[in-house]
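Taking it in order: structure first as structure tokens, then the write-up.
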Amino acid sequence: SQTIHQWPATLVQPVGSPLSLECTVEGTSNPNLYWYRQAAGRGLQLLFYSVGIGQISSEVPQNLSASRPQDRQFILSSKKLLLSDSGFYLCAITIGGNYEQYFGPGTRLTVT
Amino acid sequence: GESVGLHLPTLSVQEGDNSIINCAYSNSASDYFIWYKQESGKGPQFIIDIRSNMDKRQGQRVTVLLNKTVKHLSLQIAATQPGDSAVYFCAENTNDYKLSFGAGTTVTVRA
């Protein structure tokens, strides 16, 4: 079965600093990959998704970007963090054209 | 835009009782729905799903009901246990690649 890794688990960054969050997948190939953000006590907001290497679709205009340099690697980045970027960032995958998404353990980001 | 939403943000239930969590959706074209459970500090976990050609689907202690006429989805948990305390999200597919999530219902189980 597939395993989704995310790191770091927690991160505290000052406003204006850069960001790089990584998601890697084991146990499957050619997954669709997703980045979500979850504000405290709220639902999941889809940020980006990718259906293949180098293919990124952005859902919400923001100062974040995503990249997929390898089939099972998905990176979320920012050049300059804002306070509003704080949240719980979740990576998810779908496999084989199925709708069901599997989620990673998440990264808790606090921008101070 | 159209989105999935929940009727109640919180639900308190006595241990051993049945829980019912409701969800309203507005996209009549959605053909797949899914329920997730999210424990504090963790990623959401799949509970059960249902396609629009079904009205009911059962799993272990859980049942999902779909009423397409009124665009309503519910999750029933039988004999609720302390480990069922979590936030529950419904989601609908909006195209071949994406799910749209509701705001979530926090379920608290009283001992």
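Listed in order, the protein sequences are those of chains A and B.
Sequence positions in the first sequence follow our numbering and run -16 to 95.
Sequence positions in the second sequence follow our numbering and run 9 to 119.
The beta carbon of each residue, even a glycine, is placed where N, CA and C say it ideally should be.
Span of the beta strand (DSSP E), counted from its first residue to its last, around residue i
i        : result
B:Lys45  : 40 to 46
A:Thr77  : 70 to 77
A:Ala49  : 47 to 53
B:Asp57  : 53 to 59
B:Ala119 : Note, B:Ala119: premise wrong, no beta strand (DSSP E); not H, not E.
B:Leu83  : 80 to 85
B:Glu23  : From DSSP, B:Glu23 is part of no beta strand (DSSP E); its letter is neither H nor E.
B:Ser108 : 107 to 109
Pair within 8 Å by beta-carbon distance, residue i and residue j
i        : j          : result
B:Gly112 : B:Val95    : yes
A:Pro88  : A:Arg55    : no
A:Asn46  : A:Lys63    : yes
B:Leu81  : B:Met62    : no
A:Ser60  : A:Ser3     : yes
A:Leu73  : A:Phe86    : yes
A:Thr93  : A:Ser69    : yes
B:Tyr125 : A:Tyr19    : Look at the range of chain B in this structure, 9 to 119, and you will see that residue 125 of chain B is not part of it.
A:Thr7   : A:His(-12) : yes
B:Glu100 : B:Asn26    : no
B:Gln84  : B:Glu23    : no
B:Leu107 : A:Gln84    : yes
Residues that residue i contacts on chain A, provided the C-beta gap is smaller than 7 Å
i       : result
B:Gly67 : Ordered by position in chain A, no residue passes the 7 Å Cβ test against B:Gly67, which lies about 13 Å from the chain.
Within chain A, the residues that residue i reaches when beta carbons sit closer than 8 Å
i        : result
B:Ala111 : Arg25, Gly26
B:Asn101 : Tyr82
Under 8 Å from the C-beta of residue i: neighbouring residues of chain B
i        : result
A:Val167 : With chain A running from -16 to 95 in the structure shown, residue 167 of chain A is simply not present.
Contact set between the stretch 40 to 61 of chain B and chain A, restricted to residues whose Cβ is under 7 Å from the partner | Taking 7 Å as the Cβ-Cβ cut-off against chain A, the residues of the stretch 40 to 61 of chain B that qualify are Tyr40, Ile42, Lys50, Gly51, Pro52, Phe54, Asp57.
With 9 Å as the limit, tell me which residues of the stretch 64 to 91 of chain A have their beta carbon closer than that to any beta carbon of chain B; keep them in chain order.
-> So the list reads Phe71, Leu73, Cys74, Ala75, Thr77, Gly80, Tyr82, Glu83, Gln84, Tyr85, Phe86, Gly87, Pro88, Gly89, Arg91, given in the order they occur along the chain.
Proximal residues, the stretch -4 to 30 of chain A versus chain B, C-beta separation under 7 Å | So the list reads Asn15, Arg25, Gly26, Leu27, Leu29, given in the order they occur along the chain.
Considering only residues of the stretch 3 to 63 of chain A, which uninterrupted beta strand (DSSP E) runs meet the minimum length of 3 residues and lie entirely inside it, listed in chain order?
-> You should have 15 to 21, 27 to 35, 38 to 41, 47 to 53, 56 to 61.
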